[in-house]
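When we follow numbering that gives the first Met the number 0, the leftmost residue of the first sequence carries the number 0, and every step to the right adds one.
We put the CB at the ideal spot given by N, CA and C, even for glycine.
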Amino acid sequence: MRPKLKEFLAEAVHGCVRKGLLPEEELPDWQLEPPKTREHGDYASNLALLLAPRLKKNPREAAQLLLSNLPPRPDLVDRMEIAGPGFINLFVSDALRREALGEMLERRASFGCSARGEGRQVEVEFVSANPTGPLTIGHGRQAVLGDAIARLLEATGHKVTREYYYNDAGRQMKLLAASTRARYLEALGKPSEFPEEGYQGEYIAEIANRIVEQQGDAWAGEDPERFKVFAEEAIFAGIRETLDRLGIIFDVYFNETSLYEDGSVQTIIDTLRSKGCTYEKDGALWFRGTDFDLDKDRVIVKSTGEPTYRLPDMAYHVNKLRRGFDMVVDIFGADHESTYRDVLAGLRALGEDTSRIRVLIHQFVTLLKDGQPVRMGKRTANFVTLDELIEEVGVDAVRFFFLQRRHDAHLDFDLDLAKKESDENPVYYVQYAYARIASVLREAEAGGVAVPSSLDECHAERLVEEDEKALIHLLVEYPELVDRAATAIEPHRVVFYLLDVARSFHGYYNRCRILSDDAETTAARLGLVQAVQSVIASGLSMLGVRAPERM
RNA sequence: GCGCCCAUAGCUCAGAUGGAUAGAGCGUUGCCCUGCGGAGGCAGAGGUCGCAGGUUCGAAUCCUGCUGGGCGCACCA
């Protein structure tokens, strides 16, 4: 609907150019959007405001001139008016609205999806937690965010690879092994030494107990490597289970170790060195970060000869770019702020094109219970895992709540609200709208009322109520919204849009009886609510939230 | 000290590349079911858009400075 109207309005400009009233130059970036209030029409444009200087007129006169250069198109607009400082307001014709409804009924759940991405390959890297413990609430936000982004990109015609990058070597894993071994010996009642910075969590003891069950005291003399392998497997299995529960499936688990094995870490060192981007100091190899917009230089190979994490991270990103992705989306928590800068600086030093990489840093999550923050952190006793959160409020609420905020804003997760099965809970509010429509459709069928399946059976001309027109206009915006959400990589926009749709529907439902006394009106309204239902179903699927037929 | 992010109603937050009278939810006050699911709806009160400048026809939005909060600034990842 909108592109058609925009094209129509652009004719006014062409008309003026033909008459020599306007120089033939590129149009400024003008807009045609739904105004805040319906009194201002179905669409409003700032075209005249922007062209006024070129027309050498005040904006209202410019608007007048533009309108006088438009052919009448009753099939598109009922009327147009000039308002405020010089906006052009359009009032859409019933015919155009009918056409829009027809498209929605035809496309159903695919309405909103597009091929805009043209099959471009996108890699989305997220979670990427090392197997040292269960996923936390923070990982949860990232998991849900990453998956929703992937879904949005898929819906807009991109080919998406969901990727998880992890490291099962190094200091952290040694600590994990030592912690597990200590707990194991403890469980056997043997003398043990718990590592100073070991993992305190309850889960380590549970893993140790499992070893006791399976092996008895047979592992008492074993070296830590054995415990590492066991603990890692157990933890990773747990992580996958958690992700599975959320409905998140990764296409690729990329192991950092492989970057050492195939020599690509060494290649990075050699290349940086040959480009003169490194120097040696205090027995370590330093990267000249300050030459690449960093605030200080960074160590890339420690004096012990071991690389720091930056090096494999750089190698990993080179690997991603080599795999031919058109876009690489990295999702990190706020605490990784500086590391991604290091990596990007490294890539620039290596001569890589970093413009294909989009980095999203999401802020932290605070759990609220009785209005008070719940303390989290692996060392505290009331450490809350993602699993526990899912258990507490359910998958739908977890996903919905995590997506209800912009990624760069802190997120307060209200546990009490998420658990409520009532109107106060936004998840239920949206799902209820869907279920309510399902119920009406069931009721219609039970009563022998024909449910229209296409525009022809709808008697759409019966949709004359303001509520109905407004609802159609809201639905019409859906594909545009999805597109913008995907381009901006901002899934939260879908959430707010769905709340808007649900609100409009509930209001309509209360004011207008869908199964009315008049067969044609009923058909028309059944057509409309089916369109509402498709859009809600589609929107919820972008978020990974269920659309229930009954609640 | 330096860098990134945030600051909008009592609370939690939207606000599309600058547009008309700044919007929701919760909370609060008052209303609405003869029939499709009240897990709903309607109405009211509630704002110096953190502060101060600047840019222009026009700023919550862009620029500069400040204030307050979060997160970083390892030869840990």
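Beta carbon of residue i nearer than 8 Å to that of residue j
i, j, result
"residue 404", "residue 245", "no"
"residue 43", "residue 65", "no"
"residue 85", "residue 58", "yes"
"residue 331", "residue 358", "yes"
"residue 37", "residue 530", "no"
"residue 414", "residue 391", "yes"
"residue 40", "residue 4", "no"
"residue 122", "residue 319", "yes"
"residue 459", "residue 523", "yes"
"residue 542", "residue 500", "no"
"residue 326", "residue 434", "no"
"residue 489", "residue 329", "no"
"residue 349", "residue 267", "yes"
"residue 108", "residue 452", "no"
"residue 491", "residue 367", "no"
"residue 68", "residue 11", "yes"
"residue 226", "residue 179", "yes"
"residue 1", "residue 31", "yes"
"residue 313", "residue 345", "yes"
"residue 186", "residue 207", "yes"
"residue 243", "residue 162", "no"
"residue 446", "residue 497", "no"
"residue 544", "residue 426", "yes"
Residue from the options whose Cα sits closest to the Cα of residue i
i, options, result
"residue 34", "83, 290 and 77", "83"
"residue 265", "538, 315, 368 and 344", "315"
"residue 310", "87, 362 and 255", "255"
"residue 395", "272, 431, 68 and 225", "431"
"residue 223", "202, 276, 277 and 168", "168"
"residue 361", "410, 322, 372 and 354", "410"
"residue 347", "383, 250, 276 and 19", "276"
"residue 386", "28, 93, 107 and 139", "139"
"residue 228", "26, 269, 215 and 172", "172"
"residue 54", "212, 274, 312 and 16", "16"
"residue 334", "288, 364 and 289", "364"
"residue 515", "130, 473, 505 and 443", "443"
"residue 74", "97, 63 and 26", "97"
"residue 473", "447, 439, 527 and 94", "527"
"residue 282", "302, 476, 149 and 164", "302"
"residue 119", "519, 323 and 393", "323"
"residue 450", "538, 525 and 423", "525"
"residue 61", "293, 352, 87 and 166", "87"
Enclosing alpha helix (DSSP H) for residue i [first to last residue]
i, result
"residue 179", "170–186"
"residue 44", "Counting along the chain, residue 44 falls outside any alpha helix (DSSP H), though it belongs to the beta strand (DSSP E) covering 42–44."
"residue 332", "Premise fails: residue 332 lies in the beta strand (DSSP E), 326–332, not in any alpha helix (DSSP H)."
"residue 17", "1–17"
"residue 509", "491–510"
"residue 316", "309–321"
"residue 339", "336–348"
"residue 152", "136–154"
"residue 299", "Unbroken run through residue 299 is the beta strand (DSSP E), 297–300; no alpha helix (DSSP H)."
"residue 361", "First-last for residue 361: 356–361, but that is the beta strand (DSSP E), not the alpha helix (DSSP H)."
"residue 518", "518–542"
"residue 475", "465–475"
"residue 560", "Because residue 560 is not part of the residues shown, which for the chain are 0 to 550, the question remains open."
Where the beta strand (DSSP E) containing residue i begins and where it ends
i, result
"residue 158", "158–165"
"residue 551", "As shown, the chain starts at 0 and ends at 550. That puts residue 551 outside it, with no answer to give."
"residue 366", "364–368"
"residue 371", "371–373"
"residue 121", "120–124"
"residue 283", "283–286"
Requested in this report: Take every Cβ of the region 139–150, pair it with every Cβ of the region 183–201, and state whether three or more of those distances are shorter than 8 Å.
Outcome: no
Practice prompt. Please determine if the region 125–137 and the region 222–242 are in contact, where contact requires at least 3 C-beta pairs separated by less than 8 Å.
Written response: yes
In chain order, which continuous runs of the alpha helix (DSSP H) of length 4 or greater are located wholly inside the region 387–439?
-> 394–401 and 414–418
- Task: Can you check the region 22–86 for any alpha helix (DSSP H) of at least 4 residues that lies completely inside it and give the ranges in chain order?
- Result: 46–54 and 58–67
Using 8 Å as the cut-off, can you tell me whether the region 146–163 makes contact with the region 476–493, which would need three or more C-beta pairs spanning the two stretches below that distance? yes
ask   = At what residue ranges does the region 213–275 contain a whole run of the alpha helix (DSSP H), taking only runs of 4 or more?
value = 223–244, 256–260 and 263–273
Is it true that the region 445–464 meets the region 363–373, where meeting means three or more beta-carbon pairs spaced less than 8 Å apart?
-> no
Note to self: So, does the region 192–202 touch the region 285–297, judging by three or more C-beta pairs under 8 Å?
What the structure shows: no
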